[in-house]
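Asks:
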Amino acid sequence: MSQYIIQAKNLTYNYPDGTAALRGLSVALEVGKKTAIIGPNGAGKSTFLLHLNAILKPREGKLFFRGKEFGYDRNSLRQLRKSVGVVFQDPDRQLFSASVAQDVSFGPMNLGLTVQEVTERTDWALKVTGISHLKDKPAHLLSFGQKKLVTIAGVLAMQPEVIVLDEPTISLDVAHVALLVEILNALARDGVTLVMSTHDADLAYAWADNVVVIRDGTKVGEGSPAEVFSDSALLQDGVVSKPFVLAVCDELRKKGFFSGMAVMPRTRDELLDAISTCP
């Protein structure tokens, strides 16, 4: 069985006004891994993510889910979207029902499940995202962070194999970002494949198993967080910026600290713990 759950090969996509958004982009997503997609504004990150469950169709190139080429007929799309869920950057694009519970239950209701199964999935998704107390609230009255959690719950209720998140931390406060990361890490431990676009180098460095760098619609870098954020060419070109924790670690290593450490800290808490144990 392939280690890749989704493969994108030589994708080309132009918007109706002629803007070339993707230019021969190839990316392979590993089963059960957390992948961060980074790059400057206009790089093609969102456009790429919208190809992953066939919201957009490439002008050229092919996509594969578990080795099978994407189909774009109604039945193929229905099957694909059971397996690949997308959380949009703007939650208002996904919220339209009278209450939070109705929004979250909308997806499962369209899977042909029983009423009991829909209720169980909805309650589970609300609990996982910590918003059970909001289930009877009108979604349009919620804060931006709460709306974001509702959209995530709606995708979770579908129980997809892959969850794609477009800039999920934009406009979220520190508490909501921490909650989001906690939710995503729990999903990853359960084997869900996660793909997130972000401009936050610190988040990508701390969270991801693999980082893909896109610029001008093509891939210009890929590797582990340590590899990508230590790539001198990418740093010099300004395509990526060095995360705070990595920058501090680099300076400390120059002064002789962490010399025998096999695994370097990736979060601020890990960094503080490492510093506290230094002689």
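Last residue of the sequence shown: 279 in UniProt numbering, with the numbers rising by one and none dropped.
By construction, the Cβ of each residue, glycine as well, lies at the ideal position given by its N, Cα and C atoms.
(1) Go ahead and label cysteine 278 buried or exposed: buried means 16 or more other beta carbons lie within 10 angstroms of its beta carbon, across all protein chains shown.
(2) Confirm, please, whether the CB-CB distance from valine 212 to alanine 36 is below 9 Å.
(3) Here's the rule: buried if 16 or more other CB atoms are within 10 angstroms of the residue's CB, otherwise exposed. What is phenylalanine 96?
(4) The alpha helix (DSSP H) with residue 281 in it runs from where to where?
(5) Rounded to whole angstroms, what's the CA-CA distance from glutamate 270 to glycine 217? Just pull it up for me.
(6) Please state whether DSSP places asparagine 185 in a helix, a strand or coil.
(7) According to DSSP, what are the bridge partners of alanine 8?
(8) Looking at isoleucine 5: is its Cβ nearer than 9 Å to the Cβ of glutamate 161?
(9) Identify the continuous beta strand (DSSP E) that holds serine 197 and give its terminal residues.
(10) Using 10 angstroms around the beta-carbon of alanine 208, count the other beta-carbons present and answer buried if the total reaches 16, otherwise exposed.
(11) Just the C-alpha distance for leucine 142 and aspartate 103, rounded to the nearest angstrom, thanks.
(12) How many Å lie between alanine 157 and aspartate 90 at the Cα?
(13) Arginine 215: buried (16+ other C-beta within 10 angstroms of its C-beta) or exposed?
(14) Going along the chain, which residues of its own chain have a beta-carbon closer than 7 Å to the beta-carbon of tyrosine 205, five neighbours each way excluded?
(15) Take every Cβ of the stretch 28-48, pair it with every Cβ of the stretch 191-202, and state whether three or more of those distances are shorter than 8 Å.
(16) Are the stretch 165-177 and the stretch 73-89 in contact at 8 Å, needing three or more beta carbon pairs?
(17) Return the first residue and the last residue of the alpha helix (DSSP H) that threonine 119 is part of.
(18) Pick out whichever of Lys68, Arg121, Leu80 has its Cα sitting closest to the Cα of residue 296.
(19) Tell me the rounded alpha-carbon separation between histidine 176 and alanine 101.
(20) Could you tell me the distance, in whole angstroms, from the CA atom of threonine 12 to the CA atom of methionine 109?
(21) For valine 84, is the classification buried or exposed, using 16 other Cβ atoms within 10 angstroms of its Cβ as the cut-off for buried?
(22) Quick check on this structure: which residue in Glu251, Leu29, Gln7, Lys9 has the alpha carbon closest to the alpha carbon of glycine 223?
(23) By Cβ distance below 8 Å, which residues in the same chain neighbour phenylalanine 65 in space, the five residues on each side in sequence not counted?
(24) Taking the alpha carbon of aspartate 202 as the reference point, which residue from Asp173, Arg268, His51, Asp250 has its own alpha carbon closest?
(25) Just curious, the beta strand (DSSP E) that leucine 165 is in, first and last residue?
(26) By Cβ distance, which residues of its chain are closer than 6 Å to isoleucine 152, with the 5 residues on each side in sequence left out?
(27) Just to confirm my understanding: we take valine 118, look at its own chain, exclude 5 residues before and 5 after, and list those with CB closer than 7 Å. What are they?
(28) Less than 9 Å between the C-beta atoms of lysine 9 and lysine 62, yes or no?
Replies: In brief:
(1) exposed
(2) yes
(3) exposed
(4) Here the chain comprises residues numbered 1 to 279, so residue 281 is not present and cannot be evaluated.
(5) 35 Å
(6) helix
(7) Among the bridge pairs identified by DSSP, alanine 8 is matched with Val27, Leu63.
(8) Taking 9 Å as the Cβ cut-off, isoleucine 5 and glutamate 161 qualify as a contacting pair.
(9) In this chain, the beta strand (DSSP E) harbouring serine 197 covers 193-197.
(10) When all chains shown are included, alanine 208 counts as buried.
(11) 13 Å
(12) 19 Å
(13) By the neighbour-count rule (16 or more Cβ atoms within 10 Å), arginine 215 is buried.
(14) Pro225, Phe229, Pro243, Val245, Leu246, Arg266
(15) Contact holds: three or more Cβ-Cβ distances are below 8 Å.
(16) yes
(17) That run of the alpha helix (DSSP H) goes 115-128.
(18) No statement about residue 296 is possible, as the shown extent of the chain runs from 1 to 279 and does not include it.
(19) 20 Å
(20) 34 Å
(21) buried
(22) Leu29
(23) Ile5, Ile6, Leu80, Ser83, Val84
(24) Arg268
(25) That run of the beta strand (DSSP E) goes 162-166.
(26) Val87, Thr129
(27) Once the five neighbours on either side are set aside, the close Cβ partners of valine 118 are Ser105, Pro108, Met109.
(28) yes
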